[in-house]
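Mapped onto full-length UniProt numbering, the consecutive letters of the sequence shown carry residue numbers 1 to 346.
Note that the Cβ used here is the ideal one computed from N, Cα and C, for glycine as well.
Have a look at the structure below, then the notes.
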Amino acid sequence: MPKIDPETQKLYDEINGMIQKFKDDQKSKADCTLADKCGDMGDVPKIRFSSKKILKGHINKVNSVHFAGDSRHCVTGSLDGKLIIWDTWTANKVQVIPLRSAWVMTVAFSPSGNFVACGGMDNQCTVYDVNNRDASGVAKMVKELMGYEGFLSSCRFLDDGHLITGSGDMKICHWDLEKGVKTMDFNGHAGDIAGLSLSPDMKTYITGSVDKTAKLWDVREEGHKQMFFGHDMDVSSVCYHPSGFGFASCSEDQTARMYDLRADQQIAQYEPPQKNTGFTSCALSTSGRYLMCGGIEGNVHSWDTMKQRHTGTLSGHENRITCISLCPNGMCLASTSWDQQVRLWL
1 MPKIDPETQK LYDEINGMIQ KFKDDQKSKA DCTLADKCGD MGDVPKIRFS SKKILKGHIN
61 KVNSVHFAGD SRHCVTGSLD GKLIIWDTWT ANKVQVIPLR SAWVMTVAFS PSGNFVACGG
121 MDNQCTVYDV NNRDASGVAK MVKELMGYEG FLSSCRFLDD GHLITGSGDM KICHWDLEKG
181 VKTMDFNGHA GDIAGLSLSP DMKTYITGSV DKTAKLWDVR EEGHKQMFFG HDMDVSSVCY
241 HPSGFGFASC SEDQTARMYD LRADQQIAQY EPPQKNTGFT SCALSTSGRY LMCGGIEGNV
301 HSWDTMKQRH TGTLSGHENR ITCISLCPNG MCLASTSWDQ QVRLWL
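In structure tokens, the structure reads:
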């Protein structure tokens, strides 16, 4: 590593000192723990999901999955250079969309189910209209959103006309899809943005980054509203709590955490029974009582969010889990992996 000059080191020390001060201030105001307050609550059952279907079709690592608003269709992206739209009720392929670049890292389904978006190492976000086909019978590409200086790591639709992206150039971009122009473009973090989650009312969103922080944003503004610390390594994924008052995060530091926006700090921490795995993706049940995280060892772990107890492990994948997505009605969890499989847990 290059040697850090004294002036730069002084700035690092100053920043770290400020972060520690913030943590100390937060800790001084934390007069109780979530586990203490919820100790007399009844235990929730072990997680009851089981692997009911395996969606076969990809021939390389599958990196991302996301459900449409109808809780029936999902889209997956793989290093085989294809997006596949699935009917999860029948386990059939609805559409196969060949990509210009095989290095897809993120996918998104619009809530309406009319559009899908993807991006990755091609440094752009591509949007397809699933209801219109081109001459070859493939979903019509409607927008190529360019201008990134790093890989696209996350994207989510606000509606059919608006999209938010996070990328490896540390930027957050808001897009008007009808005009094909950015409405906002700003530095969001001090490192690659790794995950993005929209609030239930679509008015705010959370981002996670390799700078070990998560931030709260308003969709109408560029400046972040709150910043959250705690993880010792990259924040791999974030997921808004269904109440809108908090969010969960996970990291390869072998922990998942819960943050309360009103308390402005972490309120719970979750660890696997055996500290042998980091986490790549997280999801919360529709009640917010279960937290699920995909592990690099190939299992999905579950916890009772209130009592911070491990409530089960979903086993079946043979390699690193890259992404998990819970359908909006909470009845099905989809997971993707380096083992080339997409599994549905019901």
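Going by the DSSP bridge assignment, what does residue i pair with across the sheet?
i	result
Asn-92	Asp-87
Asp-176	His-162 and Val-181
Val-104	Gly-120
Phe-279	Gly-295
Trp-217	Tyr-205
Ala-139	Arg-133
Gln-226	Leu-216
Glu-144	Thr-126
Phe-49	The partner list for Phe-49 (beta bridge, DSSP) is empty, contrary to what the question assumes.
Trp-303	Leu-291 and His-310
Once you ignore the five residues that flank residue i on each side, which residues in its own chain have a CB closer than 7 Å to its CB?
i	result
His-224	Lys-215, Leu-216 and Trp-217
Asp-87	Arg-72, His-73 and Val-94
Arg-262	Phe-245
Thr-204	Leu-216, Trp-217, Asp-218 and Val-219
Ile-19	Phe-229
Gln-26	Asp-264 and Gln-265
Pro-98	Gly-81, Lys-82 and Val-138
Gly-316	Ser-51 and Arg-343
Just mark residue i as buried or exposed, buried being the case when its beta carbon has 16 or more other beta carbons within 10 Å.
i	result
Gly-17	exposed
Pro-111	buried
Arg-343	buried
Gly-161	exposed
Gly-246	buried
Ile-15	exposed
Arg-257	buried
Gly-39	exposed
Ala-194	buried
Tyr-290	buried
Ile-47	buried
Pro-124	For clarity, residue 124 is Gln in the given sequence; the question names Pro instead. Buried is the call here.
Pro-45	exposed
Tyr-12	exposed
Lys-212	buried
Trp-89	exposed
Cys-32	exposed
Ala-248	buried
Asp-5	exposed
Asn-329	exposed
Lys-56	exposed
Ser-209	buried
Ser-167	buried
Gln-9	exposed
Answer with yes or no whether the minimum CB distance from residue i to chain B is below 8 Å.
i	result
Gln-274	Among the chains of the structure shown, chain B does not appear; only one protein chain is present.
Of all the options the options, which has the alpha carbon lying nearest to the alpha carbon of residue i?
i	options	result
Cys-293	Glu-318, Glu-252 and Ser-287	Glu-252
Gly-188	Glu-178, Ile-206 and Ile-4	Ile-206
Gly-312	Asp-43, Gln-9 and Asp-260	Asp-43
residue 364	Asp-159, Glu-149, Lys-179 and Gly-180	Here the chain has residues from 1 to 346 only, and residue 364 is not among them.
residue 347	Lys-143, Asp-169 and Cys-327	Lying before the first or after the last residue shown, residue 347 is absent from the chain, which here runs from 1 to 346.
Val-181	Leu-198, Gly-191 and Leu-163	Leu-163
Gly-298	Ala-283, Lys-307, Asn-319 and Met-306	Asn-319
Phe-109	Leu-198, Gln-9 and Asp-234	Leu-198
Tyr-270	Cys-250, Met-233, Leu-284 and Ser-285	Cys-250
Glu-221	Pro-98, Ile-54 and His-174	His-174
Leu-177	His-310, Lys-21, Lys-143 and Arg-100	Lys-143
Lys-179	Arg-156, Leu-145 and Asp-192	Leu-145
Cys-327	Thr-286, Ala-117 and Gln-308	Thr-286
Tell me which residues share the same chain as residue i and place their Cβ nearer than 8 Å to its Cβ, disregarding the 5 neighbours each side in the sequence.
i	result
Gly-140	The sequence shown places Lys at residue 140, not Gly. If we look at Lys-140 and ignore the five residues flanking it on each side, its Cβ neighbours are Tyr-128, Asp-129, Asn-132, Arg-133 and Asp-134.
Lys-23	Phe-229
Can you give me the Cβ contacts of residue i inside the same chain, cut-off strictly under 6 Å, excluding the 5 residues immediately before and after it?
i	result
Ala-34	For the record, residue 34 in the displayed sequence is Leu; it is not Ala. The answer, listed in chain order, is Ile-267 and Ala-268.
Val-96	Lys-82 and Ile-84
Ser-325	Val-65, His-66, Phe-67 and Ala-334
Asp-70	Gly-113
Met-233	Ser-251, Glu-252 and Asp-253
Ala-190	Asp-211
Arg-156	Ala-108, Ile-164, Leu-196 and Leu-198
How many whole angstroms separate the CB atoms of residue i and residue j, which I take to be in contact at a CB cut-off of 8 Å?
i	j	result
residue 379	Thr-280	The question about residue 379 has no answer, for the chain in this structure spans 1 to 346.
Met-184	Leu-152	With 8 Å as the limit, Met-184 and Leu-152 do not qualify as a contact, their Cβ atoms being about 16 Å apart.
Lys-61	Leu-79	5 Å
Leu-314	Phe-67	Their Cβ separation, rounded to whole angstroms, is 17 Å, which puts Leu-314 and Phe-67 out of contact at 8 Å.
Thr-76	Thr-336	6 Å
Gln-254	Pro-272	7 Å
Leu-158	Met-202	6 Å
Cys-282	Cys-239	5 Å
Gln-226	Asp-260	With 8 Å as the limit, Gln-226 and Asp-260 do not qualify as a contact, their Cβ atoms being about 10 Å apart.
Ser-51	Trp-345	6 Å
Thr-277	Gly-288	About 23 Å; that fails the 8 Å criterion.
Ile-59	Gln-341	About 11 Å; that fails the 8 Å criterion.
Leu-284	His-241	6 Å
Report yes if the C-beta of residue i is less than 7 Å from at least one heavy atom of the ligand COA; otherwise report no.
i	result
Val-127	What this structure holds is no ligand at all, so the ligand COA is not there to describe.
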